[in-house]
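Engineer: Got a structure for you, written out below as structure tokens; questions coming shortly.
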Amino acid sequence: MRKISTFCLFIFSVITAVAQPSRDTTLKEQKENIIKETTIVQVENLGELINTEHPEMRPTISADGNLLFFIRQNDPANIQYETVPNSQDIWYSTRDTTGKWSKAKHLSAKVNASQYNAVYWISPDLNTILLKGSFIDGQYLGMGVSMIHKRPDNSWTNAEMLKIRNFNKFSFTQQIGASMGHDGKTLLFYMTDKKNSYENDLYVSFLEGNDIWTAPKSLGKKINLPDYNEMSPFIAADGVTLYFSSDRPGGLGENDIWMSKRLDDSWTKWSDPVNLGAPINTAGSEAFFTLDAGGEYAYLTSSDGAFGASDIVRVKLLEKEKPNPVVLVSGNVYNAKTKEPLTASLIYETLPDGAEAGNGVSSPVDGSFKIVLPYDKNYSIRASADKFFAISENLNLDSLIKAGYKEIHKDLYLAPIEIGQVFRLNNVFFDFDKFGLRPESFVELDRVVKFLNDYPNVEIEMSAHTDSKGSDQYNFTLSDNRAKSVREYILSKGIAASRIVSQGYGETKPVATNDTDEGRQLNRRVEFKILKN
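Count the sequence shown with the working numbering and you get residues 37 to 569, in order.
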């Protein structure tokens, strides 16, 4: 059995590689497509640097659109080319700042450890990868899906299969494939529980906790038609728009790409699937549709006009074919005291309900992270690490106009738990000129309660601050009442009164200038300081 213990040497080179100039990197329109004057969509072949006379299939694009994994079949460079018919190995290409793709490179035997290999998903932060096949401690066992994670020393863990309830029900499936939502909590499959059948259905499984995933659940009757083959599901970054391949009636060829919208959280109710039509679909077979977070270009496998049996192509989507726009949030996690980068878990929750919307991890190299957030929600974002308290950030996308795909940079800080350390609470809210807590504050304050329960010897001062607008006495009174409101909420959760004092400081302790809106916003704050540990 082959191991994946040195996988880091290969993937690290992938995600840090700079594409070099090459002889031919232009995108080529497929010869067999007929683009009418009224058609504003063009299917573009990614060219000879990626596609060859061999079949290229199953593209997986990173959220930022700069890293492309795919599988190549029967290439002599494939690890088991001599011994396995139709061997499939993982290849990759990177895109430079001019939009050009590098010549595809082959990953080693440490990655291509089975007979038929694939990358199913790479997390937006590039720190977690979902692989085809079941592995235990890097040893390949058979059908299933496995994950690898980047370690703090920038190496990678050995591949470990996901623990999915009742997964053995599908042990007789002839085909299996998977993809992951950008939230890292939603896993989609195509497979069947019917022996010797190639009529696959689409299923969803959710991260339950403690590395356990729920039993696969059918996506319902609108998606899974009897006696037809549904395959290669992809859920867009909005978490709502589903693309999949099917041979159902109404298509143009053997398998077409269809789109449907999720209508509720049951994952069984969907809008009527819509065929994406020509030129995306052809008389041939289209499958393995994937998008970056921007949702402008789709990548898929197509046999129409290919160099070989199938190629990787891209297509610019019409507005009606695009998912809902999202925001790609990038930043770095730092130690608030030393300003050194930290590796940490990333947690983002919706407010005011506190529901976890997704997770991630920051890079052990520089603390960098990337997460994808749909619009129309108010988010609390924070990092988490032992012996630190997270200074959460607020990102209210409910207040932003859906102008389209957007990228935002927001750094996160973790403050060490020690006497004198001050922790800013960015997700505590009051109405203008009021001191009553708004409901979306409770998620943040419940974290403070948990912190005090976890550290029973800690005593704190809860303080509130204002900007310089208004009289000194007015600001002092308002801030003092706000600090008291926060203290009273915490006491209502069972914390002893002797462990927390409150103090309003008005405008006397600014952390920024009061001459700008941004500075005044920073000065209007609630925070607590450790008095005793």
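Ideal Cβ placement from N, Cα and C applies to all residues, glycine included.
Owing to the predicted nature of the structure, the values given are computational and were not obtained by experimental measurement.
1) Does DSSP classify residue 563 as helix, strand or coil?
2) Where do the N-terminal and C-terminal ends of the beta strand (DSSP E) with residue 397 fall, by residue?
3) Looking only at DSSP bridge pairs, what is residue 362 linked to?
4) What are the boundary residues of the beta strand (DSSP E) that includes residue 352?
5) Helix, strand or coil, according to DSSP, for residue 524 in the structure here?
6) Hey, which unbroken runs of the beta strand (DSSP E) at 3 residues or more fall wholly within the segment 433 to 474?
7) With 16 as the cutoff for other CB atoms within 10 Å, does residue 279 come out buried or exposed?
8) Can you check whether the CB of residue 438 is closer than 9 Å to the CB of residue 412?
9) So residue 479 packs on residue 409, CB below 8 Å; how close in whole Å?
10) Which one of 389, 496 and 310 has the shortest CA to CA distance from residue 569?
11) For residue 509, is the classification buried or exposed, using 16 other Cβ atoms within 10 angstroms of its Cβ as the cut-off for buried?
12) Kindly indicate which three-state DSSP category residue 129 falls into: helix, strand or coil?
13) Would you kindly report the start and end of the unbroken alpha helix (DSSP H) that includes residue 482?
14) Identify whether residue 194 lies in helix, strand or coil by the three-state DSSP scheme.
15) Can you give the beta carbon distance from residue 293 to residue 343, rounded, assuming they're within the 8 Å contact cut?
16) Do residue 397 and residue 381 have their CB atoms nearer than 9 Å?
17) Between the segment 149 to 167 and the segment 176 to 193, do at least 3 Cβ pairs fall closer than 8 Å?
18) Using CA coordinates, which residue listed in 312, 111, 405 and 132 is at the minimum distance from residue 90?
19) Examine the Cβ distances between the segment 264 to 274 and the segment 326 to 333 and report whether three or more of them are shorter than 8 Å.
20) Spell out the partners DSSP gives residue 156 in its beta bridges.
21) Compute the Euclidean distance between the alpha carbons of residue 240 and residue 257, then round it to the nearest angstrom.
22) Does the pairing of the segment 160 to 173 with the segment 93 to 109 give three or more beta-carbon distances under 8 Å?
23) On the criterion of 16 or more Cβ atoms from any shown chain inside 10 Å, does residue 445 qualify as buried, or is it exposed?
24) My output table needs one value for residue 108: the three-state DSSP class, helix, strand or coil.
25) Beta-carbon within less than 7 Å of residue 244's beta-carbon, same chain only, minus the 5 sequence neighbours each way: which residues are those?
26) Going by CA-CA distance only, name the one from 501, 369 and 155 that's closest to residue 559.
27) With H, G and I counted as helix, E and B as strand and the rest as coil, what does DSSP make of residue 187?
28) Suppose contacts are defined by Cβ-Cβ distances below 9 Å. Is residue 107 in contact with residue 127 by that definition?
29) If you follow the beta strand (DSSP E) that residue 325 is part of, which residue opens it and which one closes it?
30) At a cut-off of 8 Å, would you count residue 279 as near the ligand FMN, judging by its Cβ distance to the nearest heavy atom?
31) Considering only the alpha carbon of each residue, which of 547, 403, 219 and 312 lies closest to residue 187?
32) Can you name the start and end residues of the beta strand (DSSP E) that residue 501 belongs to?
33) Ignoring anything shorter than 3 residues or poking outside the segment 266 to 295, list the beta strand (DSSP E) runs there in chain order.
34) Apart from the five residues just before and just after residue 516, which ones in its own chain have a Cβ nearer than 6 Å to its Cβ?
35) Mind checking which residues open and close the beta strand (DSSP E) that includes residue 537?
36) Have a look at residue 442 and residue 347 and give me their C-alpha separation to the nearest angstrom.
Structural biologist: Looking at the coordinates:
1) Under the three-state reduction of DSSP, residue 563 is assigned to strand.
2) 392 to 397 is the extent of the beta strand (DSSP E) around residue 397.
3) According to DSSP, residue 362 bridges with 410.
4) Residue 352: member of the beta strand (DSSP E) spanning 347 to 352, first to last residue.
5) In this structure, residue 524 counts as helix in the three-state DSSP scheme.
6) Within the segment 433 to 474, the complete beta strand (DSSP E) segments of 3 residues or longer fall at 442 to 445, 448 to 452 and 458 to 460, listed in chain order.
7) With 16 or more Cβ atoms within 10 Å of its Cβ, residue 279 is classed as buried.
8) The Cβ atoms of residue 412 and residue 438 lie closer than 9 Å to each other.
9) Not really, about 16 Å apart at Cβ, beyond 8 Å.
10) Residue 496 is the option with its Cα nearest to residue 569.
11) With fewer than 16 Cβ atoms within 10 Å of its Cβ, residue 509 is classed as exposed.
12) Three-state result, residue 129: strand.
13) Membership of residue 482 in the alpha helix (DSSP H) is indicated by the continuous run 478 to 490.
14) Residue 194 falls in the coil class under three-state DSSP.
15) So it is not a contact: roughly 21 Å between Cβ atoms.
16) A contact, by the Cβ cut-off of 9 Å.
17) Short answer: they touch.
18) Comparing Cα positions, the closest option is 111.
19) By the Cβ test, the segment 264 to 274 is in contact with the segment 326 to 333, since at least three Cβ pairs between them sit closer than 8 Å.
20) DSSP output for residue 156 lists no bridge partner at all.
21) Going by the C-alpha atoms only, they are around 14 Å apart.
22) Result yes; three or more Cβ-Cβ pairs closer than 8 Å.
23) Around the beta carbon of residue 445, a 10 Å sphere encloses fewer than 16 other beta carbons of the protein chains shown; the residue is thus reported as exposed.
24) Strand at residue 108.
25) Beyond the five residues adjoining it in sequence on each side, residue 244 comes within less than 7 Å, by CB distance, of 250 in the same chain, given in chain order.
26) Cα-wise, what sits closest to residue 559 is 501.
27) DSSP, read as helix, strand or coil, puts residue 187 in coil.
28) Yes; because the gap between Cβ atoms is below 9 Å, this pair is in contact.
29) Start and end: 322 to 327.
30) In the structure on display, the ligand FMN does not appear, and there are no ligands present to speak of.
31) Taking only the C-alpha atoms, the option nearest residue 187 is 403.
32) Per DSSP, the continuous beta strand (DSSP E) segment holding residue 501 begins and ends at 495 to 501.
33) Within the segment 266 to 295, the complete beta strand (DSSP E) runs of at least 3 residues are 266 to 271 and 277 to 282.
34) The answer, listed in chain order, is 540.
35) From DSSP, the beta strand (DSSP E) with residue 537 extends over 536 to 540.
36) In this structure, the straight-line span from the alpha carbon of residue 442 to that of residue 347 is close to 30 Å.
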